[in-house]
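**Student:** Sharing a structure with you now.
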């Protein structure tokens, strides 16, 4: 009887493993299905059976998601019509990134372009140039106050 009991457990294990595998593949497929970009990357398209529902969802998405075309339209307008032309792309790019950081209205969230970040790092790291003297004025004369 123990041989029969062992076979039953083995069969139960195989069925359980097969079930778990099917569930894993199904979960993976559902996750990829919900992420339409995966289908688009592979040349597939998903269409909704209910066209009205699809259009309504599309309108809601347009209302809540920013239009990146607007960003590029403003970019082009500044590039073409700014009085102080030419303006470098990296200047516009760093300004846009700084604007993103500033938009959260958090005084501790900032973006610094690489030049400003390097200067800031020097200030907070204690690297200074010069002789290290404090200079002041006494009786109209420049004097060293502290070495």
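Numbering (this note's numbering), first residue to last: 10 to 156.
Glycine included, every Cβ here is placed at the ideal spot set by N, Cα and C.
Just so it is clear, the structure is predicted and the values come from calculations on it, not from any experiment.
Taking only three categories from DSSP, how would you classify residue 141?
**Tutor:** DSSP places residue 141 in coil when its eight states are reduced to three.
**Student:** Check each candidate in 149, 150, 147, 143 and name the one with the smallest Cα separation from residue 156.
**Tutor:** The shortest C-alpha separation from residue 156 is found at 143.
**Student:** Going by DSSP in three states, residue 150 sits in which element: helix, strand or coil?
**Tutor:** Three-state result, residue 150: strand.
**Student:** Would you mind working out which of 154, 129, 133 sits nearest residue 140, comparing C-alpha positions?
**Tutor:** If we check each option's Cα against that of residue 140, 154 comes out closest.
**Student:** Quick one: give me the first and last residue of the alpha helix (DSSP H) that residue 118 is part of.
**Tutor:** Looking at the DSSP string, residue 118 is not in any alpha helix (DSSP H), and its letter there is neither H nor E.
**Student:** Express the C-alpha separation of residue 104 and residue 112 in angstroms, rounding to a whole number.
**Tutor:** So the two alpha carbons sit approximately 12 angstroms from each other.
**Student:** With distances taken from CA atoms, which of 93, 106, 95 is nearest residue 80?
**Tutor:** Among 93, 106, 95, the Cα nearest to that of residue 80 is on 106.
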